[in-house]
Every structure is written in C-alpha cells, then in structure tokens.
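The block underneath contains the structure these notes are about, expressed in structure tokens.
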Amino acid sequence: MATWTTSDIPDQSGRVAVVTGANTGLGFETAAALAAHGARVVLAVRDPDRGRQAESLIRRRNPDADVSVQRLDLASLASIRDAAAQIRSAHERIDLLINNAGVMFPPKSTTVDGFELQFGTNHLGHFALTGLLLDRLLPVAGSRVVTVSSIGHRFRADIHFDDLQWERRYNRFEAYGQSKLANLLFTYELQRRLAPHATTIAVAAHPGGSNTELMRHLPRWAAAGYPLIAPLFQDPAMGALPTLRAAADPAALGGRYFGPDGFAQGRGYPKVVGSSRRSHDVARQRRLWAVSEELTGVRYPVG
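The sequence shown begins at 1 in the UniProt record's numbering and counts up one residue at a time.
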C-alpha cells in the first residue's frame, strides 16, 4: 500500500484506545483519528485542563466522538499507578495502548523518582504504565501496545547501563537517543513475551521529522536555526500516520516498526522500516527489561 492514510483505518467501534500525551501534536492527531473512526479514546495527559481543551476540539471535529480525559504524569510512578487504577476501574478491556508522550532535549533534570527526565518519562514511565494495564489487553483479540520511538534512536545512542541516569555527565541529545532506543528494545522484548499469548502484539512507530511542541527544549543555538529547516518537517497529522498504521492496520505484525517512506525516513507515508542493530540486540533487550522492572517495581504478567 503506497499511500496509507487515515481513510484506511478500519471501523474502530467498540474498541478502547488509551493515548498518552494526547493533548497536542502527534498524540492529539492520533487520538482524533481513532475517535473519528469510532473508538472510545482516553486522553492520558499531564495537564487535565489542556486535555479538556483537546477533548473539546476533537468533539468539534466529530460531535459523536467518545472521548475522556485521564490525568497521567509519566514523570511520577505514583501518578502512573493512580492513573492505571482509574483506567482499570473505568474500562474492563483495552484494545489499544499508545505510548506516545515524550520529552526531547531538556536541560538536565529528573523525574519525581530521581530518574533522568528523558529516560524516566519516555521509557520507564511507559514501561510501568504498560505493565500495569497489560492484563486489560491480554484477553482482547487484536489488542496492541504501540510505542513511539524516533529516528534519534540511531544518533550515538546506546543504553548506558553504568550510568543510566546521566549522573556522571549529561548530553541532552545522547540521553534522548538512549530513551528512544529503549523504546525499541522494550517493544521487541515485549513482543517476544507476548508471542505465546497470540492475542496482543507490540508494535513501534516513529514520525520522522515532525513539527510539534517537542521542539520547545531545543538549545538556543539550535532554536535560532530551526525556522530555516522547519519547512522540511511534516505537520503533526502526517507525523501521526506511522503510529496510526501500527495501531490500526489489520496486516500489522508484532515486532514491526513503522516510519515515513521518504528520504532517510524523514517524511512521507507510513511503511515498515528498519531499526538499528543495537535495537535488535537480545542481550540489551533482556538486561533493560530486568533493570526497568527493578527501577519501577512493576512486574509483567507475561514472560
């Protein structure tokens, strides 16, 4: 399929989708498209006021949309546990968990629990949330966990097991790359653990170069030049297509990675793409999984 678009999303009526970071950018476009096709969508967001604004905008686009807001701060394990409990109370089943929220290139800072902000939010937060909700997906045929990575997973990226929280030194770009590599290592290991269950799959996606609020933490020198390259980036609606295809394409297989089909995967329509050699290293996948369980205190009901 050369040009997969939102018109290729099958009817989502009766399905429940939880989308993190759904108040803006890629998450908003993902949530809006799923709601437009009949899904019951939970906007899992850090700021409920902005979540309600997003909810209103989705309803303006589609008055019949079934949308709700759930407070979720991925930089706090307590907030994650509270949000998971509330989602579980409201929904007996979950068909789609879309781990979209993230932070990119912030100055050195930590989560409430002391984790480096990018690793703690982009990976550990989603690892914990997925583990706490997974038993709501496992009984549901065709359910999926979709995790949003980035082409940044290739940029000098590795998992620094000897200094995961960047306490010895901090490079915001390398730390971002570590978190996005972790997203893929997590997806591939989760898929291996899910395979015997044959109901739920784990899939990953990346948006290419997309013009979203993630750019707000660019260093001053990079922000100065950003207006010159911004026209090369996709708008959020195009950037969300790989995530939507990972979530809704009936032909998608577990362990696949979707990204744009254009030059260097920077822009274009979604297709299956490759990821770095390190992302497929089984030893890294298993070691990261064990460390993530230890740091979050969340144990999975699979594997």
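Just so it is clear, CB atoms sit at the ideal spot from N, CA and C, and this is done for glycine as well. As the structure is a prediction and not an experimental result, all values here were calculated from the model.
- Per DSSP, residue 14 lies in no alpha helix (DSSP H) and is assigned neither H nor E.
- The beta carbon of residue 6 sits closer than 6 Å to those of 33, all from its chain and outside the five residues before and after it, given in chain order.
- Around the Cβ of residue 186, a 10 Å sphere holds 16 or more other Cβ atoms; the residue is buried.
- Residue state for residue 183 is assigned as helix, using DSSP reduced to three classes.
- Nearest C-alpha to residue 294 among 152, 127, 42, 10: 127.
- Going by C-alpha positions, residue 23 is about 6 Å away from residue 45.
- Put simply, the region 52-66 does not touch the region 79-91. Fewer than three CB pairs are less than 8 Å apart.
- Within the same chain, Cβ atoms closer than 6 Å to the Cβ of residue 190 are found at 202, the five residues on either side in sequence being excluded.
- The shortest CA-to-CA distance from residue 257 to any of 39, 180, 75 is the one to 180.
- Boundaries of the beta strand (DSSP E) around residue 66: 66-71.
- Around the beta carbon of residue 116, a 10 Å sphere encloses 16 or more other beta carbons of the protein chains shown; the residue is thus reported as buried.
- Distances from the CA of residue 260 to each of 239, 277, 56, 168 were compared; the closest alpha carbon is that of 239.
- In the displayed model, residue 243 falls within a helix according to three-state DSSP.
- With 16 or more other CB atoms across the displayed protein chains lying within 10 angstroms of its CB, residue 103 is buried.
- Under the DSSP assignment, residue 97 falls in the beta strand (DSSP E) whose first and last residues are 96-99.
- Boundaries of the alpha helix (DSSP H) around residue 295: 282-296.
- Counting only runs of 3+ residues, the beta strand (DSSP E) found wholly inside the region 16-51 occupies 16-20, 40-45, in chain order.
- Remark: three or more beta-carbon pairs, one from each stretch, lie closer than 8 Å, so the region 34-44 and the region 9-21 are flagged as touching.
- Per DSSP, the beta bridge partners of residue 257 are 204.
- Rounded to the nearest whole angstrom, the CA to CA distance from residue 285 to residue 60 is 42 Å.
- For residue 165, the secondary structure class from DSSP, reduced to helix, strand or coil, is coil.
- In this chain, the alpha helix (DSSP H) harbouring residue 88 covers 77-90.
- Rounded to the nearest whole angstrom, the CA to CA distance from residue 10 to residue 2 is 17 Å.
- Here residue 251 is not near residue 205, since their CB atoms are 8 Å or more apart.
- Counted as a single uninterrupted DSSP element, the alpha helix (DSSP H) harbouring residue 130 occupies residues 126-137.
- Contact annotation: residue 160 and residue 184 have beta-carbon atoms that are not nearer than 8 Å.
- In this model, residue 139 and residue 199 are separated by some 7 Å (Cα to Cα).
- Excluding residues up to 5 positions away in sequence, 111, 112, 117, 120, 121, 125 lie with their Cβ nearer than 7 Å to the Cβ of residue 75 in the same chain.
- For residue 298, the closest alpha carbon among the candidates 72, 28, 18, 78 is that of 78.
- Taking a C-beta distance under 8 Å as the contact criterion, residue 29 and residue 237 qualify as a contact pair.
- Taking C-alpha positions only, residue 20 is separated from residue 151 by approximately 20 Å.
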